[in-house]
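Peer 1: The structure follows.
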Amino acid sequence: MGKLSFFICTALGLVLFGSAWGEAQGADVFCRITAPRPARTFYLGEGVALSLQGAGPLRSGQYSVVDYYGQTVDTGTFKVGAETPQRLALGGGWPLGIYYLHLVTSTGERQEDAFCVLPRPDANQGDYALFSFHYTDGRPDVWGALSQIGCRVIRHDMGWPNLEPRPGQLDFSVAQRVSALAQQYGIQLIPILGYTPAWCGQKPLDGTGRVAVATHTWPSDNTTHWQAATRALVQFLQQRQVAWPATATLSPQAAPSQDYHPLVHSWEIWNEVDQGFYYGYWGRYLDLLRIAEQEIKAVDPWATVLYGGSTGHWTQLGMTYTANGQYYFDKLAFHPGGDINRALEVYFTGAPQIGNGYGLYRSATFTESYPRCPPGVTDPQYMLRLYTTLRKWHLDTFCWFGGAPETSGLSDAGPVFRRDGNGDLLPNPKYVALGVARWQLCHAKYVGPLSLREGVEGHLFLRHGWPFLVIWADEATTVTLDVLPGAWVADEMGRRSPLGGSQAGPAQLRLTPVGVAVGGLNVRYIAQALRNQAEVFLTTQQGFVTDKPFGYIGPLERDASAGWSGWATQFRNDLEGAARLMNTDPTAAPAALGQAQAGVNAQVMNMLRLAENQGQVSARCQSVVWRLQAMSEWLGAVLDSYAQRWGNWVVAQASVRPLQNDVEALRVEATSPDRGLARPIALQSLRRAHEQLQREAEGGLGIGAYRAVQGEYEAASFLARIERPVMKSVVITADFRDAKQLTKSLALVPGKEQRVRVFVYNYTARNICAYLNLEVPSSWKVPASNLSLACSVPPGEYSRPLVFKFTIPAPPGSWETQTAQAPGGFPVNLRVPAGLDPWVNLRIRGALGDGRQLLPVSYPVLVGDPIL
Numbered sequence: 001m002g003k004l005s006f007f008i009c010t011a012l013g014l015v016l017f018g019s020a021w022g023e024a025q026g027a028d029v030f031c032r033i034t035a036p037r038p039a040r041t042f043y044l045g046e047g048v049a050l051s052l053q054g055a056g057p058l059r060s061g062q063y064s065v066v067d068y069y070g071q072t073v074d075t076g077t078f079k080v081g082a083e084t085p086q087r088l089a090l091g092g093g094w095p096l097g098i099y100y101l102h103l104v105t106s107t108g109e110r111q112e113d114a115f116c117v118l119p120r121p122d123a124n125q126g127d128y129a130l131f132s133f134h135y136t137d138g139r140p141d142v143w144g145a146l147s148q149i150g151c152r153v154i155r156h157d158m159g160w161p162n163l164e165p166r167p168g169q170l171d172f173s174v175a176q177r178v179s180a181l182a183q184q185y186g187i188q189l190i191p192i193l194g195y196t197p198a199w200c201g202q203k204p205l206d207g208t209g210r211v212a213v214a215t216h217t218w219p220s221d222n223t224t225h226w227q228a229a230t231r232a233l234v235q236f237l238q239q240r241q242v243a244w245p246a247t248a249t250l251s252p253q254a255a256p257s258q259d260y261h262p263l264v265h266s267w268e269i270w271n272e273v274d275q276g277f278y279y280g281y282w283g284r285y286l287d288l289l290r291i292a293e294q295e296i297k298a299v300d301p302w303a304t305v306l307y308g309g310s311t312g313h314w315t316q317l318g319m320t321y322t323a324n325g326q327y328y329f330d331k332l333a334f335h336p337g338g339d340i341n342r343a344l345e346v347y348f349t350g351a352p353q354i355g356n357g358y359g360l361y362r363s364a365t366f367t368e369s370y371p372r373c374p375p376g377v378t379d380p381q382y383m384l385r386l387y388t389t390l391r392k393w394h395l396d397t398f399c400w401f402g403g404a405p406e407t408s409g410l411s412d413a414g415p416v417f418r419r420d421g422n423g424d425l426l427p428n429p430k431y432v433a434l435g436v437a438r439w440q441l442c443h444a445k446y447v448g449p450l451s452l453r454e455g456v457e458g459h460l461f462l463r464h465g466w467p468f469l470v471i472w473a474d475e476a477t478t479v480t481l482d483v484l485p486g487a488w489v490a491d492e493m494g495r496r497s498p499l500g501g502s503q504a505g506p507a508q509l510r511l512t513p514v515g516v517a518v519g520g521l522n523v524r525y526i527a528q529a530l531r532n533q534a535e536v537f538l539t540t541q542q543g544f545v546t547d548k549p550f551g552y553i554g555p556l557e558r559d560a561s562a563g564w565s566g567w568a569t570q571f572r573n574d575l576e577g578a579a580r581l582m583n584t585d586p587t588a589a590p591a592a593l594g595q596a597q598a599g600v601n602a603q604v605m606n607m608l609r610l611a612e613n614q615g616q617v618s619a620r621c622q623s624v625v626w627r628l629q630a631m632s633e634w635l636g637a638v639l640d641s642y643a644q645r646w647g648n649w650v651v652a653q654a655s656v657r658p659l660q661n662d663v664e665a666l667r668v669e670a671t672s673p674d675r676g677l678a679r680p681i682a683l684q685s686l687r688r689a690h691e692q693l694q695r696e697a698e699g700g701l702g703i704g705a706y707r708a709v710q711g712e713y714e715a716a717s718f719l720a721r722i723e724r725p726v727m728k729s730v731v732i733t734a735d736f737r738d739a740k741q742l743t744k745s746l747a748l749v750p751g752k753e754q755r756v757r758v759f760v761y762n763y764t765a766r767n768i769c770a771y772l773n774l775e776v777p778s779s780w781k782v783p784a785s786n787l788s789l790a791c792s793v794p795p796g797e798y799s800r801p802l803v804f805k806f807t808i809p810a811p812p813g814s815w816e817t818q819t820a821q822a823p824g825g826f827p828v829n830l831r832v833p834a835g836l837d838p839w840v841n842l843r844i845r846g847a848l849g850d851g852r853q854l855l856p857v858s859y860p861v862l863v864g865d866p867i868l
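Counting from 1, one number per residue, gives the positions in the sequence shown under the working numbering.
Quick look at the structure:
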């Protein structure tokens, strides 16, 4: 997505005040208003006290406070002047929300301001990477303000040009500044590694406009400098930690016991590499990706590596899998925009399905996002609905792009806060709504959708074992809900209104496109949502309903029947038994849910035993295992939240530690680090187990999550025996010394000798001797002495350059003008000898001295003389 395509919704809730606030922010202020925390933030239950400091004589005035809904909720007097801070104490008991402060002095001076009341950011811990941000400013107050709404992850550029402005001269000032801010406020980082320094960039010869001048988007002319810079940055950051909740975020309140996490949440290799932030040939990006992944995993084998900020192009991801690049990232980073629900449907039925075709599906994480509000919904009103949509899709990270403060009227709710006339942060309604939505849902477990009526979307969660509904409608309508005494409905500010009467029974709720939260529902809704979500898993290809076609997989119950044809029937029976017990004998329901979960885990093993009998883990088998494990994790989460009613749902650490140790030991076995081998599907299952253990660390590991981890560990153990390993720790890269660099492509000119300089990077723990072959079309001329080249490489080093030479024949006949399409749709006009294909996929194969085969790498190149 382009950096200028940020969508802004008008804050209708502030139309009443829009003109006045806009004018006030442009006028002089007679005093500076401050609070102990950035963005005038106070936590629920605290007293609100502001400091007013102004010039001139001490004078008095009148103040009034207006809430989000336009109601005056407090009035009184204040003093200001004499260059002495005057305390304006507004007392305690303030509900969640944003409040607008009007000041009028006895001399007629006027000033408007704002403050807010938020839930504590460490309240209701849970899915902490949703509602994160891409933010590249270094202002501490912004980092502090984001941490106050529970932002736990920030994506930040750490580009190669800043890290190495001149060859061999490393500058860690950006990394040091950003990591210090992150540690101060308990925020993890997604560093973006990428971009090319001008001193080693290769300018596309056909580049015009931005392509011709944006040197950071050019491909690098070598990989050795990249390796050194990446290694230095990884070692600089990887061993650092952050503590949550951070003392600076809660101050002046004391921080309770803290949890520690790695400073780096995940590493993103380049930004929008398949769009307008990389104009080099695709093979070079894959060179850099492989090296970066190996450097990162050498320091932390559990680190998460992200494929570079994809905008969802099939072509480049297909080229990545063709070149065996899928083994060098853990997740796809994607940048959605617009209607998020629609964007996710389009995306997940698109490029990621290539992984199912190749037998190694990779999940997605959203590191730069541009959500757009539905018609008639403001930014603050959209937050709860957006958070619910992300949870429905089972996402783990969603980084907003933007949110930086701007000096303008408070009525514009695009950013999450503003700066006043003194440069201090002020909250926006969106800021409060973000914090409230996170607080209400981050620890809730998603159960499933409810079937209420056409045009109504309702999603049921469990909070501490009890139903919690988020609901909205396409158009204004009324639904009837079965509620308990004391039921309530809450809006975007967390403001609760009674729903129903003092007796249990039906209650009518008026709905609009604005999402609202409902508490106090009849527990019977849990069983309905459970059944509905189970059917979504069973009857769809990948756990969501769509009318778009899937190219590689079918509905789960059909695909999984290969392991045992009766499993879906048995699972439905088990789940129905659990659903009935929820209504008749709730204390027995967790055990019944555990039985259904055990059946899912057993079906995983059935699929793997079938793979063993067939002699391979097929692409279909891998996709079924992935989807069944997602089901097991969902059931485990529901079980754990449901069991919280009785307080005995957490597994003792004495039982968790041996499982953690087993997972780590199996990782070592599955990777064979001394030999450089990896079993990618086994590691994928282990990573799921590891991430479950990490996610549950803050609140304790429930029995359901424990069983999901056990199932994933057992699957990985089985896979470690039957899966064919790949040699990924020896990396091959190629420099095309005589090719013509074009936008998104390389061209080899026929009739001229071409040299390909190859490096071998050894990330194993042993010395290696490698033998390489360059595969070219049989009609090309290759010197006999150049058919195979050899090198020896010590551990952690790279080889001397191996130079392959060849000539593409240029017969004396006529040359044709052809137009080829480079990735991204860039047309390239070429003069090509008659009979030659303008696209060729060059492949480098190799083996080690002991016979182990290296992963082949491929480089799609153009053949012809570009017409520039």
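Quick reminder that beta carbons are idealized off the backbone N, C-alpha and C, glycines included.
Remember, predicted model here, so these are calculated numbers, not experimental data.
1) Could you spell out the range, first to last residue, of the beta strand (DSSP E) harbouring Gln-508?
2) Mind listing, in chain order, the continuous beta strand (DSSP E) runs of no fewer than 3 residues lying wholly within the stretch 344–423?
3) Gly-201 bridges to which residues according to DSSP?
4) Got a sec, what are the start and stop residues for the alpha helix (DSSP H) Asp-157 sits in?
5) Would you tell me roughly how many angstroms separate the C-alpha atoms of Glu-797 and Val-760, rounded to the nearest one?
6) Which residue spans inside the stretch 458–492 form an unbroken beta strand (DSSP E) run of at least 3?
7) What residue range does the alpha helix (DSSP H) around Ser-717 cover?
8) Among all the DSSP beta bridges, which residues are the ones paired with Lys-79?
9) Using CA coordinates, which residue listed in Gly-824, Thr-249, Thr-41, Ser-655 is at the minimum distance from His-313?
10) If the criterion is Cβ atoms closer than 7 Å, does the pair Asp-559 and Arg-620 meet it?
11) How many Å lie between Leu-344 and Pro-336 at the Cα?
12) Is it buried or exposed, Gln-622, if we count other Cβ atoms within 10 angstroms and call 16 or more buried?
13) Mark Gly-45 as exposed unless 16 or more other C-beta atoms lie within 10 angstroms of its C-beta, in which case mark it buried.
14) Could you work out which residue in Gln-629, Gly-835, Arg-87 is closest to Pro-777 when comparing CA atoms only?
15) Excluding the five sequence neighbours on either side, which residues of its own chain have a C-beta within less than 6 Å of the C-beta of Ala-810, listed in chain order?
16) Between which two residues does the alpha helix (DSSP H) harbouring His-102 extend?
17) Please give me, in chain order, every unbroken run of the beta strand (DSSP E) with length at least 3 that falls completely inside the stretch 119–146.
18) May I ask you to report which of helix, strand or coil DSSP gives Val-624?
19) With distance defined between alpha-carbon atoms, name the residue in Lys-740, Tyr-763, Arg-766 nearest to Arg-755.
20) Tell me whether Gln-597 is buried or exposed, calling it buried when 16 or more other Cβ atoms sit within 10 Å of its Cβ.
21) What alpha helix (DSSP H) runs, 4 residues minimum, are completely inside the stretch 230–314?
22) Run through DSSP, which three-state label would Tyr-798 get?
23) So, are the CB atoms of Leu-746 and Val-861 less than 7 Å apart?
24) In terms of alpha-carbon separation, which member of Gln-275, Ile-471, Leu-628 lies closest to Val-518?
25) So, using beta-carbon positions, are Tyr-361 and Cys-373 closer together than 7 Å?
26) Answer yes or no: do Val-731 and Ile-33 have a C-beta to C-beta separation smaller than 7 Å?
27) Beta-carbon within less than 8 Å of Ser-5's beta-carbon, same chain only, minus the 5 sequence neighbours each way: which residues are those?
28) Measure how close the beta-carbons of Leu-772 and Leu-748 come, nearest whole angstrom, since I'm counting them as under 8 Å.
29) In chain order, what residues of the same chain have a beta carbon less than 6 Å from the beta carbon of Arg-869, not counting five sequence neighbours either side?
30) Starting from Thr-733, trace the beta strand (DSSP E) both ways and give me its first and last residue.
31) Among Ser-632, Leu-848, Arg-627, His-443, which residue has its Cα nearest to the Cα of Pro-555?
32) Please classify Gln-71: does DSSP put it in a helix, a strand, or coil?
33) Can you name, in chain order, every residue of its own chain whose Cβ lies under 8 Å from the Cβ of Asp-574, other than the five neighbours on each side?
34) Have a look at Val-305 and Glu-83 and give me their C-alpha separation to the nearest angstrom.
35) Helix or strand or just coil, what does DSSP make of Trp-564?
36) At the level of alpha carbons, what is the spacing between Pro-680 and Val-299?
Peer 2: Reading it off the structure:
1) Against the sequence shown, residue 508 aligns to sequence position 508. It spans 505–511 - the beta strand (DSSP E) in which Gln-508 sits, taken as one unbroken run.
2) 364–371, 398–401, 417–419
3) Sequence index remark: in the sequence shown, residue 201 carries index 201 (1-based). Partner(s): Ser-220.
4) Translated into the one-based positions of the sequence shown, residue 157 becomes position 157. From DSSP, Asp-157 is part of no alpha helix (DSSP H) but of the beta strand (DSSP E) over 153–157.
5) Here residue 797 is taken as the residue at index 797 of the sequence shown, counted from 1. Here residue 760 is taken as the residue at index 760 of the sequence shown, counted from 1. Their Cα atoms are separated by approximately 9 Å.
6) 466–473, 477–490
7) Numbered from 1 along the sequence shown, position 717 holds the residue referred to as residue 717. Unbroken alpha helix (DSSP H) run through Ser-717: 703–722.
8) On the sequence shown, residue 79 is found 79 positions in, with the first residue counted as 1. According to DSSP, which records beta bridges pairwise, Lys-79 is partnered with Ser-60.
9) On the sequence shown, position 313 is the one that residue 313 refers to. Nearest option by C-alpha distance: Gly-824.
10) As a first step, residue 559 is located in the sequence shown; it is residue number 559 there, counting from the start. As a first step, residue 620 is located in the sequence shown; it is residue number 620 there, counting from the start. Cβ distance < 7 Å, so Asp-559 and Arg-620 count as in contact.
11) Position 344 of the sequence shown, counted from the first residue, corresponds to residue 344. Position 336 of the sequence shown, counted from the first residue, corresponds to residue 336. Going from the Cα of Leu-344 to the Cα of Pro-336 covers about 7 Å.
12) For the purposes of this step, residue 622 is taken as residue 622 along the sequence shown, with counting starting at 1. By the 10 Å Cβ count, Gln-622 comes out buried.
13) Taking the first residue of the sequence shown as position 1, residue 45 is located at position 45. With fewer than 16 Cβ atoms within 10 Å of its Cβ, Gly-45 is classed as exposed.
14) For the purposes of this step, residue 777 is identified with residue 777 of the sequence shown, where counting begins at 1. Minimum Cα distance to Pro-777 is reached at Gly-835.
15) As a position in the sequence shown, residue 810 is number 810, starting the count at 1. Taken in chain order, the residues that qualify are Pro-750, Gly-751, Pro-833.
16) As a working note, residue 102 is residue 102 in the sequence shown. Per DSSP, His-102 belongs to no alpha helix (DSSP H); it is in the beta strand (DSSP E), 97–105.
17) Counting only runs of 3 or more, we get 132–134.
18) Position 624 of the sequence shown, counted from the start, is the residue given in the question as residue 624. Val-624: helix per DSSP, three-state reduction.
19) Here residue 755 refers to the residue found at position 755 when the sequence shown is read from its first residue. Nearest neighbour of Arg-755 by Cα position, chosen from Lys-740, Tyr-763, Arg-766, turns out to be Lys-740.
20) On the sequence shown, position 597 is the one that residue 597 refers to. Buried, by the Cβ-count rule.
21) Scanning the stretch 230–314 for uninterrupted alpha helix (DSSP H) segments of 4 residues or longer gives 247–250, 282–299, listed from N- to C-terminal end.
22) As a working note, residue 798 is residue 798 in the sequence shown. In this structure, Tyr-798 counts as strand in the three-state DSSP scheme.
23) Walking along the sequence shown from the start, residue 746 turns up at place 746. Walking along the sequence shown from the start, residue 861 turns up at place 861. It is a contact, given that the beta carbons lie within the stated cut-off.
24) Reading the sequence shown from its first residue, position 518 is the one you call residue 518. Closest by alpha carbon: Ile-471.
25) Residue 361 sits at position 361 when you count from the first residue of the sequence shown. Residue 373 sits at position 373 when you count from the first residue of the sequence shown. No, the Cβ-Cβ distance between Tyr-361 and Cys-373 is not below 7 Å.
26) For this step, residue 731 is matched to residue 731 along the sequence shown. For this step, residue 33 is matched to residue 33 along the sequence shown. Their beta carbons are not under 7 Å apart, which means Val-731 does not touch Ile-33 by this criterion.
27) Position 5 of the sequence shown holds residue 5. Unreliable positioning characterises Ser-5 in this predicted model, as indicated by a pLDDT of 32, which lies under 50. The coordinate reading is nonetheless provided below. Hits under 8 Å: Gly-337, Tyr-370.
28) Mapped onto the sequence shown, residue 772 falls at position 772. Mapped onto the sequence shown, residue 748 falls at position 748. Not a contact, Cβ separation roughly 19 Å.
29) Absent from the structure is residue 869, since the part of the chain shown begins at 1 and ends at 868.
30) The residue you call residue 733 lines up with position 733 of the sequence shown. Following the DSSP letters along the chain, one finds Thr-733 inside the beta strand (DSSP E) bounded by residues 730–736.
31) Walking along the sequence shown from the start, residue 555 turns up at place 555. When only C-alpha atoms are compared, the closest one is Arg-627.
32) By one-based count along the sequence shown, residue 71 stands at place 71. Looking at Gln-71 - three-state DSSP - the assignment turns out to be coil, as it is neither helix nor strand.
33) Along the sequence shown, read from residue 1 onward, the residue named residue 574 stands at position 574. So the qualifying residues of the chain are Ala-592, Gln-595, Ala-596, Gly-599.
34) By one-based count along the sequence shown, residue 305 stands at place 305. By one-based count along the sequence shown, residue 83 stands at place 83. If I take the Cα positions, the gap works out to 53 Å.
35) Numbered from its first residue, the sequence shown carries residue 564 at position 564. The answer is coil: DSSP assigns Trp-564 none of H, G, I, E or B.
36) Position 680 of the sequence shown holds residue 680. Position 299 of the sequence shown holds residue 299. Using only the alpha carbons, I get a separation of about 19 Å.
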